[in-house]
Each structure stands twice: as structure tokens, then as C-alpha cells.
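First the structure, in the form of C-alpha cells, and then the observations on it.
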Amino acid sequence: MRQLLTWLLAAAPALSLAQATAPAGSSVLADTIADRAATAVFWADWDEVERLYTAAQSDLQRGDDGGLLASCRFGLGVGHSYLDESQAYQDARVASTLDWTRRRPESALAHAVHLEALVDQAWFIRGSGYAKTVSDQRFAEFSAKLNEALAYTKAHSAVMGRDNYYIRPLLTLLRGMNVGVKQQLEIARKGLRKDAADECIYQSAIDSLVPKWGGEPEQLESWIRESMKGLSEADALKRYARLYNTAAHSDYEQSLFETSYARWPLMRDGLRALISESPKSRYWKGRLAYFACMVKDREVAVPALEAIEASPDFEAWDSTGQRAYQSCKRWALQS
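See below:
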């Protein structure tokens with residue numbers, strides 16, 4: 117394993133993605149691309165996946181839903197969980213993506229999406245339950261599939277390494293193999309050396325840094341602070357809020373400010389900056405109210421709730437949605 121990781125770190129060529137500002141007046145691709153990419157993957161429309169990927173690489177407008185770039189939202193769409201599908205679907209997806217790589221052997225995206233299909237197939241075999249609920253046989257099959265995916269990465273990394281998309285499924289693969297956080301971050305930084313502006317890598321690594329995957333609060337804080345370097349104060353605050361927001365969704369939830377190093381004054385200011393950037397975003401307005409209630413900051417919570425009262429976005433709250441929103445309102449508005 118150590119030899120393979122060393123090889124992976126050294127193998128990918130240094131090549132940055134070309135990015136350009138989206139033309140004035142164009143629609144915000146980030147608001148629709150996740151659903152479009154997920155649909156294209158489901159129906160194995162690989163030409164459409166390629167078209168969407170090309171468009172996402174050159175569109176720097178952020179969507180209102182989470183404030184992510186189109187390129188990051190594309191990854192979420194392609195990486196949409198298919199664990200509820202059948203074994204037949206998993207096998208067909210692996211076969212279809214493999215056929216895509218054979219038709220387009222020089223497509224970095226085709227190889228990376230096939231890698232993602234292999235990793236998803238492994239997790240389908242394992243299941244999403246706690247380790248103690250997984251039989252020895254399923255663990256053995258899971259490990260075998262992950263090793264198959266790692267071998268595929270080794271065989272095709274020269275092509276995959278032409279851009280950074282492959283890092284997302286590779287990190288998922290390494291988490292499944294219980295590779296240490298430090299080594300996973302080395303892989304992520306390899307991509308950042310190719311393209312320091314690739315915010316999607318900072319986002320993709322968050323899952324590796326939360327407690328359920330063996331991450332420590334200090335590691336998460338260090339990664340987020342690292343991501344803020346070189347940015348303007350406003351952009352640094354927005355990135356702080358985005359990444360800690362991802363950590364909250366991924367694992368911390370209501371304990372974010374109790375068990376991580378997230379600080380409410382920075383989160384508050386970052387969320388306000390995100391709302392200023394995307395004033396129509398119901399999501400970020402809801403997150404400001406959600407986190408304000410979490411830390412019992414009535415001075416922030418009351419106006420934040422008033423701003424969303426006409427049309428709350430319940431996806432901006434925790435897994436209980438409307439119930440969490442109503443609970444927050446009762447607390448914030450009590451005399």
C-alpha cells in the first residue's frame with residue numbers, strides 16, 4: 117500500500133485546468149448542473165457528461181444552493197449515491213463506463229468516472245451500515261473491489277492525472293481502505309499543486325477530516341486555514357463558512373461549535389458574506405438562522421428568521437428539516 121501511494125503521488129503530470137469567467141448574461145450553470153449530470157450518468161449518456169464537464173470547467177459563477185462552483189456541483193452530480201440501486205445496475209454502470217474508456221482512451225474524465233463506478237460498486241457490496249453489521253464475506257468482497265479500483269488507478273493515472281477530477285473518487289477509495297488522513301491529504305495537495313485554485317479539492321477532502329472517517333478537529337481546522345491562504349479577507353471568510361458548513365453536513369451537525377474548532381464569529385461573518393454574494397439564496401439565509409440558533413445567538417437568529425419566513429428552505433436545516441426550523445423559531449421568538 118505505501119509503495120502504491122508513493123507511486124500515485126509521483127505519477128500524475130503537472131497540468132492546470134484552463135478556466136475563464138462565464139460570459140455576461142449567461143445562466144448560472146451551477147444551479148442546474150448537479151441534477152443534469154446525475155441524470156446523464158444514470159442513463160449512461162457519456163457524451164452529455166463530457167459536454168457538462170467541459171462547460172463546468174470554464175464557468176466560475178456560483179450557484180445559490182451551497183454557493184459551489186459549477187465544477188464542484190458537477191462532481192456532486194456524477195458522484196450521486198447509487199447505493200439504493202440494484203446489483204444489476206451497479207454491474208451495468210461499471211460495464212458502461214469501461215466501454216466509455218475504451219471508446220475514449222485519452223479521456224481523463226472517462227477513466228475517473230469508471231474509477232468512481234468501481235468504488236461505488238465496492239460500497240454497494242459492503243453496505244452503508246456500521247462495520248460490526250458487515251459480514252466477513254462482504255468485507256472480503258469489499259476489499260477485493262477496492263484493490264481492483266486501486267489497480268485501475270495505477271494503470272491509468274497518466275491519463276486521469278491530466279486534470280483533478282479523479283481525486284474525488286480516489287479519496288473515497290482510500291477512506292474505504294483505511295489509508296491515513298495524512299496520506300489522503302498528500303494526494304489532495306498533489307492536485308492543488310497542479311491547480312491551486314481548484315476549490316473542489318478542498319471540498320472533497322472534508323469527508324476525510326471528520327471524526328467518522330478518523331479525522332481530528334485539529335486536522336480539519338488546519339486544512340480549512342490552509343485553504344484560506346492568499347485569499348482576500350472576504351473570500352477567506354466565505355471559504356471558511358463553506359468548508360465548515362460541509363463538515364457540519366458530513367458529520368458534526370449540531371455539535372459543530374462544541375466538538376470542532378469552528379468559531380461562530382468567523383462563521384457568522386462568512387455566512388453574511390455569502391448572502392451578500394448571493395442575495396437570492398434561500399439556502400444561505402437558512403444556514404445563517406440555523407447556526408445562529410445552534411449557538412443561541414438571538415441577536416443574529418431573529419432577523420435571519422425574519423428574512424426567510426416567507427419561503428424557508430428546509431434543506432438548509434438539519435436532517436429533521438421543518439421540525440428544526442420550527443424549533444428554532446420557537447426559541448428565538450420567545451419573550
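Under my numbering, the residues of the sequence shown are numbered 117 to 451, in order.
We put the beta carbon where it would ideally sit given N, CA and C, even for glycine.
Quick caveat: nothing in here was measured; it's all calculated off a predicted structure.
As assigned by DSSP and simplified to three states, the class of residue i
i	result
Leu185	strand
Arg358	helix
Arg403	helix
Val229	helix
Tyr282	coil
Asp311	coil
Met91	The question about residue 91 has no answer, for the chain in this structure spans 117 to 451.
Asp236	helix
Gly277	coil
Glu425	coil
Asn294	coil
Gln253	helix
Arg220	coil
Ala138	Below a pLDDT of 50, predicted positions are generally treated as unreliable, and Ala138, at 35, falls in that range; the measurement from the model is reported next regardless. Coil.
Thr395	In the sequence on display, residue 395 carries Pro and not Thr. In the structure shown, Pro395 sits in coil (DSSP, three-state: anything other than H, G, I, E or B).
Tyr246	coil
Gly191	helix
Val326	coil
Glu201	coil
Asp207	helix
Glu332	coil
Asp434	coil
Thr288	helix
Trp447	helix
Val144	coil
Asp161	coil
Val411	coil
With 16 other Cβ atoms within 10 Å as the buried cut-off, status of residue i
i	result
Phe255	exposed
Asp200	exposed
Leu325	buried
Gln237	buried
Asp252	exposed
Ser427	exposed
Leu347	exposed
Gln203	exposed
Leu449	exposed
Trp216	buried
Arg209	buried
Arg152	buried
Glu349	exposed
Gly141	Low local confidence applies: a pLDDT of 38 at Gly141 is under 50, so the model's placement there is unreliable, with the coordinate-based value given in what follows. By the neighbour-count rule (16 or more Cβ atoms within 10 Å), Gly141 is not buried but exposed.
Asn294	exposed
Ser443	exposed
Trp123	Residue placement at Trp123 cannot be trusted, given a pLDDT of 46 that sits under 50; the coordinates are not used to answer.
Lys306	buried
Ala304	buried
Lys310	buried
Expected contact under 8 Å - CB spacing of residue i and residue j to nearest Å
i	j	result
Arg178	Ala146	6 Å
Arg284	Trp329	14 Å between Cβ atoms; not a contact.
Leu287	Ala247	Leu287 to Ala247, Cβ: 19 Å. No contact.
Gly243	Trp400	Not confirmed; about 34 Å, so no contact.
Leu289	Leu266	6 Å
Ala228	Tyr282	4 Å
CB contact flag (residue i, residue j, <9 Å)
i	j	result
Gly402	Tyr441	yes
Tyr268	Leu308	no
Gly386	Ala357	yes
Ala226	Trp159	no
Phe240	Val250	no
Val157	Val194	yes
Ala224	Gly277	yes
Glu393	Lys354	yes
Leu192	Ala233	no
Leu404	Val416	yes
Ser343	Leu359	yes
Trp380	Asp434	no
Arg384	Ile424	no
Asp112	Gln173	There is simply no residue 112 to check, as the chain begins at 117 and stops at 451 in what is shown.
Ala389	Ala408	no
Tyr368	Pro395	no
Gln438	Met410	no
Val297	Gln335	yes
Asp351	Ser187	no
Leu511	Cys316	Here the chain covers residues 117 to 451 and nothing more, so residue 511 does not appear.
Beta-ladder partner(s) of residue i, from DSSP
i	result
Arg379	Bridge partners of Arg379: none, in fact.
Arg178	Leu185
Neighbour flag for residue i against chain B, beta carbons, 9 Å
i	result
Asp351	No chain B is part of this structure, which consists of one protein chain only.
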